[in-house]
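So in this note's numbering, the last one in the sequence shown is 292, and the numbering has no gaps at all. Structure first, then comments.
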Amino acid sequence: MSWDSFHIVFIRCCGIAALLTNTLMFHLICYKSPKNLGAYKYLMLYFAIFEGLYAILDMIALPDSITLRSALLTVVSSRKNHMLEVLLPVFNVLYWTSYGISLALIDVHFVFRKAILNGSDSNIEEFDMMGFYIYPEGIEQRVNWNSVTAIIAISANVGFSETIMCVFGIKCYKEIEKLNSKKTRSNQYQSVQKQLFLALVLQTIIPLILMYLPSGVLLFFCFTDQSFELFGRIMSTTAAVHRVLDPLPNMFVVNKYRNALTSYCGTIFCLESNVTKGVTSGTDATSSLEMK
């Protein structure tokens, strides 16, 4: 199987899985949320909707990242997605915009949690390429300063994002400890806040491993003029996996959601067991009649 064929199948499978997990998360938030979740519920709904739309965009555009030496290009090809050529740059921009929003949204989580805890609730026309080339060859200018400036801006944004995560993560932890020591809120409220904070920490680790780390490694090797094709492909695939895994911490850490999932699974397995028992008993009855 060629890389293009594998890439199309992988992205669409991840997109379908992301739609399933985020749709389930949307249902759990709407109907199974703790009563004292407050306005945070609507932020979680927005995240589930955004990740679902991002997955749909990924399945439609099928973007692929290509790296070589000091260059990184994200390619949207009409050969893959059978899209009108005039739409290729639009979907390329939408993909990069969604990628940036996805990196920034985790900061919104931490800031909002802190606010809650403080008391408020082939043919070149068939492709569109976006990216950078730090050390272009064949021209007098050795360094492409436009690309360098863009990379510095992106790196500063990522650094600022990580700083916000650390600062507000520490603040959230301190506020939870204060709640535990003062006993000013009910045990149920404190338990929910602990669960949400743990889920948020796990939701931070997932993009750190699947988005921040691959993009950081890729930028480093591009700056050293040593990048190769595999790095870009890793970045495009890990970004797709991130949208599948992102809702899982809330599903399995928050008791209300986990209990609802357990109940759903139990209902499904019980139905299957009943069907199996019915088929088995029917088979046994038929066998006994034949013996008679």
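Here a beta-carbon is modelled for each residue, glycine too, at the ideal position from N, C-alpha and C.
Spatial neighbours of residue i in its chain, beta-carbon cut-off 7 angstroms, leaving aside the 5 residues before and after
{"i": "Lys-32", "result": "Lys-256, Tyr-257, Ala-260"}
{"i": "Tyr-189", "result": "Asn-36"}
{"i": "Met-294", "result": "The requested residue 294 is not part of the displayed model; the chain covers only 1 to 292."}
{"i": "Ile-268", "result": "none"}
Close Cβ partners of residue i (< 6 angstroms) along its chain, the five nearest in sequence each way excluded
{"i": "Thr-238", "result": "Leu-210, Pro-214"}
{"i": "Ala-18", "result": "Ala-55, Arg-243, Val-244"}
C-alpha distance - residue i paired with residue j, whole-angstrom precision
{"i": "Val-275", "j": "Ser-65", "result": "Any answer about Val-275 is weak, because its pLDDT of 43 lies below 50 and its placement is not dependable; what the coordinates show is given next. Approximately 48 angstroms, taken between the alpha carbons."}
{"i": "Ser-227", "j": "Ile-170", "result": "36 angstroms"}
{"i": "Val-254", "j": "Ile-29", "result": "11 angstroms"}
{"i": "Gly-232", "j": "Lys-41", "result": "35 angstroms"}
{"i": "Cys-270", "j": "Ser-263", "result": "10 angstroms"}
{"i": "His-27", "j": "Lys-35", "result": "15 angstroms"}
{"i": "Lys-194", "j": "Ile-176", "result": "7 angstroms"}
{"i": "Phe-168", "j": "Ser-5", "result": "42 angstroms"}
{"i": "Ser-155", "j": "Thr-224", "result": "15 angstroms"}
{"i": "Thr-67", "j": "Thr-74", "result": "9 angstroms"}
{"i": "Tyr-95", "j": "Trp-145", "result": "24 angstroms"}
{"i": "Asn-187", "j": "Ile-101", "result": "35 angstroms"}
{"i": "Ile-11", "j": "Leu-208", "result": "20 angstroms"}
Exposure of residue i, with buried meaning 16 or more beta-carbon neighbours within 10 Å
{"i": "Glu-51", "result": "buried"}
{"i": "Tyr-173", "result": "exposed"}
{"i": "Ile-16", "result": "exposed"}
{"i": "Phe-160", "result": "exposed"}
{"i": "Ser-181", "result": "exposed"}
{"i": "Phe-220", "result": "exposed"}
{"i": "Ile-152", "result": "exposed"}
{"i": "Ala-39", "result": "exposed"}
{"i": "Tyr-99", "result": "buried"}
Opposing strand residues paired with residue i [DSSP bridges]
{"i": "Ser-186", "result": "Ser-186 is not bridged to any residue."}
{"i": "Ser-227", "result": "Arg-69"}
Neighbourhood of residue i by C-beta distance below 8 angstroms, restricted to the same chain and skipping five residues each side
{"i": "Met-308", "result": "Past the edges of the chain, shown from 1 to 292, lies residue 308, and the structure says nothing about it."}
{"i": "Trp-3", "result": "Arg-233"}
{"i": "Ala-61", "result": "Val-76, Asn-81, Met-83, Phe-91, Asn-92, Leu-94, Tyr-95"}
Is it a yes or a no for the region 86-104 touching the region 197-204, going by three-plus beta-carbon pairs under 8 angstroms? no
So, does the region 70-86 touch the region 45-58, judging by three or more C-beta pairs under 8 angstroms? no
Do the region 238-247 and the region 17-36 touch if we need at least three Cβ pairs shorter than 8 angstroms? yes
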